[in-house]
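Have a look at the structure below before the remarks.
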Amino acid sequence: MTPLLPMTPLLEVRDLAITFAPAARVVDGVDFRIMPGEVLGLVGESGSGKSVTLRALLRLLHGARVEGHVLWKGRDVLAMPDAELRAMRGRGMAAVFQEPTAALNPVLPIGLQIDESLAAHTDLSGAARRRRAIELLGEVGIADAARRLGAYPHELSGGQRQRAMIAIALAAGPELLLADEPTTALDVTIQDQILALLLRLVADRHMGLLLVTHDLGVVAETCDRMVVLYAGRVAEAGSVADLLRQPRHAYTDALLRSMPGEGEARTRLSPIPGMAPKLGRPLDACAFVPRCSYASPECSAHRPPMVAVEPRRLSACIAWNRLPARVAA
Amino acid sequence: MNRAGAIVGRIAQIIPTFFLIGVVVFVLARLLPGDAVSAMLGDRATDEAVRRITHQLGLDRSMVAQFLTFIGQAAQGHFGQSLAFRVPVASLISERLPVTLLLTLMATLIAMCMALPLAFVAAMNANRWPDILIRAVFQVGLSSPVFYVGLVLLTVFAAGLRLFPVGGYGEGLPAHLYHLFLPALTLALSFSAVIMRTLRGSILAVLRAEFVDFARAKGLSARVILLRHVLRSAAITTVTLVGLHIGSLLGGAVITESVFAVPGVGRLMVDSIFSRDYPVIQALTLVLAVLVSLTFLATDLLHGWLDPRAGV
Ligand SMILES: Nc1ncnc2c1ncn2[C@@H]1O[C@H](COP(=O)(O)OP(=O)(O)OP(=O)(O)O)[C@@H](O)[C@H]1O
Ligand SMILES: [Mg+2]
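Those protein sequences? They're chains A and B, same order as listed.
Under the working numbering, the first residue of the first sequence carries the number 696, and numbering increases by one thereafter.
Under the working numbering, the first residue of the second sequence carries the number -12, and numbering increases by one thereafter.
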């Protein structure tokens, strides 16, 4: 393995745009980068384009036009030859999908679904793969792992399926894990176990982690930096601590306000008044205007540019310096 | 897992089915216009002769008595005497049935050999020219009546090019296969169209399934994805369809055997209907219905084996 320079990102996304036929632009100009050992949170309400973005990173979208650059260690994923793409998937970037029930093959036992990942990316013998599969199931907290290898997805509980999917994604020892709401289906104890496991892998193996979530509590506990998506665009991006203390986008401000009191550590995004916008043709205005309490005529005049409001802090909000700081972050 | 128990249960379930089939068969045979005795003796038979023969055949007894005799004997594999051939129905059927079974088996194999690779090619090239061509050709196969296809094949390959015999069954297995090839192909054409379309559709659906994307996200090779993830799931729907279709294949055999003069149960059935040979009609319908039920059972079991979610 060649040692990575500390400043070489694992993944760099530049100006990503995703359009479903005929003219539904669902992701529009998204940028972010992930360093080895970094945990990046991708936050946004339902339909803001989180899952679509994640799939685009692995070139798994059907019937969509994907533009921009997805650079895996400097190589453009969108133009990668098939063999290189195959070697990168699973081993370089691995994914945990949003819906475990749909992502697991219903007619193959869990053990085989782990095994084939190991077989594709390692030289381990059949017996060694079996041992590794048992270890992996144990690591994600599935009891009686050896016996569970033969189980089919429908024989597992929802939480066990979720964990089996995480075990599959981790099987080949990925350098970057793309996790689409990996803990949503789980109860709080298990959720903590899984997050702790992921953070351990981040610390031990220097794995990068892109964590898609609705849950600002999870972001606060686990992520270094976060990207807030609104209607397929980056609203703002920056370090989690800064962002939660002093939002620099009116949407983030509204998001934090809609969270219940400080007493509750873990909170889901509750709806902000107004409707999420219909996605369609790219809008030459801020998409949040109809729901925004800081909106000025300028916001509707053109699309606000992304501004570096502080070092390593980006915002696409004209009102960024009028937003109040949050008390007691 | 109690798979063996489930299988036994499933077999037990089809016994009442057999009884119901027996009732329907018995009633249907008697609803046919005309009667056996006048069919046997012709129009100019004396009343006395008709009465004597009717009595001999037991046809003057009550319907219930006739039915009980029929069911009782059928359960033991006795189906009485053929009215037309004057030999035991059981021996008549055991002589003809293997012919039809071989024909059906060949037709199924030919249909699969045509449909499986082509469904694959069509699905992998969905809506491009190979797919469009394959579907167009199969559409013709599907919309042509069996007797017409049979006659065309007969005219071209047997009468015209003299590559195949025009009819009959031959002696010994190689001759049987040779004689049955054209009739089997006739049956296979429309059957393969059905298989092709279903399999193509399920492959396309599965290719877009989330679990196939997940398999891709793992970095599996295209071959593993196709053979392990796509084909197996697509096969589940197709197996069920093929099983359900064996019944209509037997129906098609009636026509094909007549066109190609194949001495199978299909032709026996046609002949028996014309001569009002009740015992043969009843026995044949019963045997065929039982065969179809057994095919369904086998299909269910195969489905249960392919799809772990189906509790047999
Ligand atoms: N195959 C598709 N064809 C057309 N539109 C799609 C397709 N897949 C997703 N979209 C649209 O893209 C937008 C973003 O969807 P996406 O699934 O990324 O949302 P999300 O942020 O993951 O939401 P959630 O939090 O509910 O998972 C939605 O408006 C959705 O309707
Ligand atoms: Mg999603």
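Yeah, the Cβ is synthetic: ideal placement off N, Cα and C, and Gly gets one too.
task: Kindly list the residues whose CB is nearer than 6 Å to the CB of Phe247(B), restricted to its own chain and excluding five residues on each side of it in sequence; keep chain order.
output: Excluding residues up to 5 positions away in sequence, Gly154, Pro170 lie with their Cβ nearer than 6 Å to the Cβ of Phe247(B) in the same chain.
- request: Could you spell out the range, first to last residue, of the alpha helix (DSSP H) harbouring His65(B)?
  value: No alpha helix (DSSP H) contains His65(B), which DSSP labels as neither H nor E.
field: Proximity winner among Ser208(B), His42(B), Leu174(B), relative to Phe134(B) (alpha-carbon distances)
entry: Leu174(B)
task: Consider the Cβ of Thr714(A): report whether some Cβ of chain B lies at a distance smaller than 8 Å.
output: no
Proximal residues to Leu831(A) (C-beta, below 7 Å), its chain only, five neighbours per side dropped: Ile809, Ala862, Leu865, Ala866
message: Can you tell me whether Arg1017(A) is buried or exposed? The criterion is at least 16 other CB atoms within 10 Å of its CB, across all chains shown.
response: exposed
field: As assigned by DSSP and simplified to three states, the class of Met921(A)
entry: strand
task: When you get a sec, list the residues whose CB is within less than 7 Å of any heavy atom of ligand 2, chain order please.
output: Here the list is Lys745(A), Ser746(A), Gln793(A), Asp875(A), Glu876(A), Val907(A).
query: If Ser1010(A) sits next to Arg943(A), beta carbons under 8 Å apart, how far is it from one beta carbon to the other, in whole angstroms?
result: 4 Å
task: Anything in chain B within Cβ reach of Leu753(A), meaning under 8 Å, just list it in chain order.
output: Arg203, Ala204
message: Less than 8 Å between C-beta atoms, sequence neighbours within five positions excluded: which residues of the same chain meet that for Arg203(B)?
response: Ile212
- request: Closer than 7 Å by beta-carbon distance: list the chain B residues that pair up with Tyr946(A), in chain order.
  value: Under the 7 Å cutoff, chain B gives no residues; its nearest Cβ is about 30 Å from Tyr946(A).
field: Collapsed DSSP secondary structure at Ile2(B) in the structure displayed
entry: helix
task: Give a yes or no on whether 8 Å exceeds the smallest Cβ distance from Ile861(A) to chain B.
output: no
message: So with CB distances below 8 Å, who are the chain A contacts of Phe198(B)?
response: Ala797, Ala798, Leu799, Asn800, Pro801
- prompt: DSSP state of Gly188(B), grouped into three classes?
  reply: Gly188(B) falls in the helix class under three-state DSSP.
query: Could one say the Cβ of Ser812(A) lies closer than 8 Å to chain B's Cβ atoms, at least one of them?
result: yes
query: Count the other CB atoms within 10 Å of the CB of Glu779(A); is the residue buried (16 or more) or exposed (fewer)?
result: exposed
task: Using the DSSP secondary-structure output, state which residues sit across from Pro75(B) in a beta bridge.
output: Gln68(B)
message: Counting only Cβ pairs nearer than 9 Å, list the residues of chain B close to Arg784(A).
response: Arg203, Ala204, Lys205, Gly206, Leu207
message: For ligand 3, is there any heavy atom lying closer than 7 Å to the beta carbon of Ala719(A)?
response: No copy of ligand 3 occurs in the structure displayed; its ligands are ligand 1 and ligand 2 alone.
- prompt: What are the uninterrupted segments assigned as alpha helix (DSSP H) that are 4 or more residues long and contained completely in the stretch 769 to 856 of chain A, given in chain order?
  reply: 777 to 783, 795 to 798, 805 to 816, 821 to 834, 840 to 843
- prompt: Under 8 Å between the Cβ atoms of His909(A) and Glu876(A)?
  reply: yes
message: Considering only the alpha carbon of each residue, which of Leu851(A), Arg900(A), Pro985(A), Leu755(A) lies closest to Val734(A)?
response: Arg900(A)
- prompt: Does Asp710(A) come within less than 8 Å of chain B when only Cβ atoms are used?
  reply: no
- prompt: Can a CB atom of chain A be found closer than 8 Å to the CB of Val24(B)?
  reply: no
task: May I ask you to check if the CB of Gly758(A) is nearer than 7 Å to at least one heavy atom of ligand 1?
output: yes
message: Report the CB separation of Phe178(B) from Leu236(B) in whole angstroms; it is logged as a contact under 8 Å.
response: 6 Å
- prompt: What separation, rounded to the nearest whole angstrom, lies between the Cα atoms of Arg187(B) and Phe107(B)?
  reply: 7 Å
message: Distance check for Leu289(B) and Pro295(B), CA to CA, integer angstroms please.
response: 11 Å
field: His290(B): first and last residue of the uninterrupted alpha helix (DSSP H) it sits in
entry: Taken as a continuous stretch (DSSP letters only), the alpha helix (DSSP H) holding His290(B) covers 265 to 293.
query: Do you know how far the Cα of Ala94(B) is from the Cα of Phe66(B)?
result: If you take the alpha carbons of Phe66(B) and Ala94(B), they lie about 29 Å apart.
query: Would DSSP call Asp30(B) helix, strand or coil?
result: Reduced to three states, the DSSP call for Asp30(B) is coil.
- prompt: Are the C-beta atoms of Arg296(B) and some chain A residue less than 8 Å apart?
  reply: yes
field: Residues that Val211(B) contacts on chain A, provided the C-beta gap is smaller than 7 Å
entry: Glu811
- prompt: Which residues, taken in chain order from the stretch 212 to 230 of chain B, show a beta carbon closer than 8 Å to some beta carbon of chain E?
  reply: In the displayed structure, chain E is absent; the protein chains listed are A and B.
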